[in-house]
Each structure stands twice: as C-alpha cells, then as structure tokens.
Amino acid sequence: MNIDIVIPCYNENKNLEKILKKIEGFKNLKYLKFILVNNGSTDNSFKNKKIIKFLKLDNVKLVNIKKNKGYGNGILKGLSHSKSEYVGWTHADVKNLNEEISKIILIIKKNNKSNIFIKGIRKGKRTLIEMFFSTGLSLVSSILLQKFFYEITAQPTIFNKKLLKKFKNPPIDFSLDLYAYYIAKKYKYNFKRVNINYNLRKYGVSSWNKNFFSKVFLSIDYLKFIIKLFIKRC
Numbered sequence: 001m002n003i004d005i006v007i008p009c010y011n012e013n014k015n016l017e018k019i020l021k022k023i024e025g026f027k028n029l030k031y032l033k034f035i036l037v038n039n040g041s042t043d044n045s046f047k048n049k050k051i052i053k054f055l056k057l058d059n060v061k062l063v064n065i066k067k068n069k070g071y072g073n074g075i076l077k078g079l080s081h082s083k084s085e086y087v088g089w090t091h092a093d094v095k096n097l098n099e100e101i102s103k104i105i106l107i108i109k110k111n112n113k114s115n116i117f118i119k120g121i122r123k124g125k126r127t128l129i130e131m132f133f134s135t136g137l138s139l140v141s142s143i144l145l146q147k148f149f150y151e152i153t154a155q156p157t158i159f160n161k162k163l164l165k166k167f168k169n170p171p172i173d174f175s176l177d178l179y180a181y182y183i184a185k186k187y188k189y190n191f192k193r194v195n196i197n198y199n200l201r202k203y204g205v206s207s208w209n210k211n212f213f214s215k216v217f218l219s220i221d222y223l224k225f226i227i228k229l230f231i232k233r234c
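Read left to right, the sequence shown gives residues 1 to 234 (this note's numbering).
Next up, the structure:
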C-alpha cells in the first residue's frame, strides 16, 4: 500500500508552514507521500526560508507551475508525478489534516481494493449560502446525470490510481471534483465517505469562496460542465 496526496497551493503563504509541520508528523510512514503543487503563486510563499526547510522532507515532493491555469490543472500536474497505488488530493487550508490522513489510511487498510474511491463529508458550521449552493449542485448533478451525488466539492478525494486511466480530457478548473466523482460512479467504484470537521478558512483568500457573486459564477461554470457531461451520456 502506497499513497500519494496532492495539495495544490496558490498564495498560501500563511497556511504553508502549518500544513508542512503537519506533514512532517507523517515522515515515518514510508508508504505516504505528499505532492505539493506551487500553482503559479505570486506571494513568494515557496521562497520563504522556513518553507524551503520543510520542502526537503523525504515525504514531500514539490511541483512548480509558473502560471495558474486552474485548480484542476494544478491537481492533474501533481497526479502526473505520482507513482503510488492510491492517489488523490485535498485543500491546502485544511485544519484537520491529521484527522483526514488517519481516516484515509484506516479505510484503505480495511478495503484494499482496486476500485475504492474515498471522499469526505463536511461536518460542522457552514453558512446557509454555502449549504444552498452545495445542495443545489448535488441536486442538479443527480437529476441530469442520473446518479446520486452529494457533497461534491468535499475533500479529501482519494482513489486507486487505475481510475486515472478512465480520465478523458478532464477539466482543469474546480469541475475536476465532480468529474472524478462522476467517473468513479460510472465505473461502479466502491465508495467510502469520511466525516471531516469543517472550519472556515483562517488565513489566505479562497480563489472561489470570496463572496456571493463568486459562488454564483462558480455555480454557472459547474452547470455548464454538468450539461456537457449530460450531452455526452445521451
């Protein structure tokens, strides 16, 4: 059992040191690696001396992308550097990495199968607007794609690497979460959901969760992609 987890980072200067300290705590787990993707950051976060020290850890690999072409593009570039049996991704601003990793490892050990797909479920305080958009996305996806979807954007997302061979022109934006979920459903993967405590971002600025209008624009992009998948399956 080997696991590679991609963490896309864009201007995460205040989060990076905290996330890397947590990663350092897993350095004795030889089967677990973290692929950090510098997704075109402009805040010099990866030039910080404290950060550079952590990037020398044996369980960390850094992938640099000069220009940010999208959340999904960063993840896909990171996945292309993976050599492990299980791969996936999670957010750079995660507060409960230890909790996530512990649950992922436990699930894989109990269900060491070639068709396993692990996805988080957010637990904790969320605003009504966040709940509205999340529920709406799940409802529209389920109706149009004729499969049950929920908590589509929840992290982590981990699966057997064989699933990557099923990816055909995956999106390079936030729709990648839905795409991976959809492909796993299409090929009848064995789903395992993990409860992850949800906390509001403390540092940095989300590239999409800025205000009501940013959520609207993201929802429109998702809707366009859902319609695209709907047309393909018809």
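A virtual CB, placed ideally from N, CA and C, is assigned to each residue, including glycine.
Note that the C-beta distance between Val6 and Ile52 is not below 8 Å.
Between Ile226 and Ser141, the beta carbon gap of about 6 Å places them in contact (Cβ cut-off 8 Å). Thr135 has no beta-bridge partner at all, per DSSP.
For Ile65, the closest of Asn59, Gly74, Leu57 and Asp58 by C-alpha to C-alpha distance is Gly74.
Taking 8 Å as the upper bound for CB-CB distance, Val94 and Gln155 are in contact here, some 7 Å apart.
Below 8 Å, enough C-beta pairs join the stretch 68–87 and the stretch 160–171 to call them touching: three or more. Met1 and Ile107 have their C-alpha atoms roughly 12 Å apart.
Residue pairing for Thr157: DSSP places it in a beta bridge opposite Trp89 and Lys119. If you draw a 10 Å sphere on the C-beta of Thr157, you find 16 or more other C-beta atoms in it, and that means buried. Contact between Tyr10 and Asn68 holds: their C-beta atoms lie close to 6 Å from each other, under 8 Å.
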